[in-house]
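Reviewing the structure listed below.
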Amino acid sequence: MRPSTVLHVAVGSLIYFEERDGSTCMGTLAQVDKWLNVRLTDVTIRQPSNEYVTVDELMVRGTNMTNIRFSDDFVDDKLNAFIAGAGHFHSQNQGRGEGRGGRGNGRGGRGGRGGRGGRGGRGRGRGGRGRGE
1231 MRPSTVLHVA
1241 VGSLIYFEER
1251 DGSTCMGTLA
1261 QVDKWLNVRL
1271 TDVTIRQPSN
1281 EYVTVDELMV
1291 RGTNMTNIRF
1301 SDDFVDDKLN
1311 AFIAGAGHFH
1321 SQNQGRGEGR
1331 GGRGNGRGGR
1341 GGRGGRGGRG
1351 GRGRGRGGRG
1361 RGE
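Okay, structure coming up:
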């Protein structure tokens, strides 16, 4: 399972993570975007100098997080229910030959006999502007 999927499922749960500067944060995950930037609420921050700071809301860039941990309640309840249920983000047509980028076996994908698609073909040139009649 991809980290972005786990974070999206974890919205509303308590998370704990470390930042590159050595500080650690613990709070409730309120929002996550596709770059793994997160917004936390009710956050406790432990700075490298062992000083604790409490803030109502915190935005953290995804590239600054080095280690993420989840509460046991999240793993036991939400994540296992997501894995066991129909909570997958995969398309029905993903895989070989059906959706985009699969191997061509004549049923979609790249076209018949493993070709690269339906544009042109061998010996037909690249198209162009026409013959100029």
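Each residue of the sequence shown is one higher than the one before, starting from 1231 at the first, in this note's numbering.
We treat Cβ as the ideally placed atom computed from N, Cα and C, and that holds for glycine.
Rounded to a whole number of angstroms, what is the C-alpha to C-alpha distance between residue i and residue j?
i: V1305; j: V1241; result: 12 Å
i: E1248; j: M1231; result: 21 Å
i: F1300; j: I1313; result: 16 Å
i: L1237; j: T1284; result: 22 Å
Using DSSP's beta-bridge definition, name the partner residues of residue i.
i: I1275; result: C1255, V1283
i: M1295; result: E1249
i: L1288; result: L1270
i: V1305; result: Paired residues: none, contrary to the question.
i: V1262; result: V1268
Note down, in chain order, each residue of its chain lying with its Cβ closer than 8 Å to the Cβ of residue i, except the 5 sequence neighbours on either side.
i: E1287; result: A1260, R1269, L1270, T1271, V1273
i: P1278; result: D1251, G1252, S1253
i: K1308; result: V1239, A1240, S1243
Are the beta-carbon atoms belonging to residue i and residue j less than 9 Å from one another?
i: N1297; j: D1251; result: no
i: S1234; j: D1303; result: no
i: G1292; j: N1310; result: no
Return the chain-ordered list of same chain residues with a C-beta closer than 6 Å to the C-beta of residue i, the five sequence neighbours on each side being excluded.
i: Y1282; result: R1276
Tell me the DSSP secondary structure of residue i in three-state form.
i: V1241; result: coil
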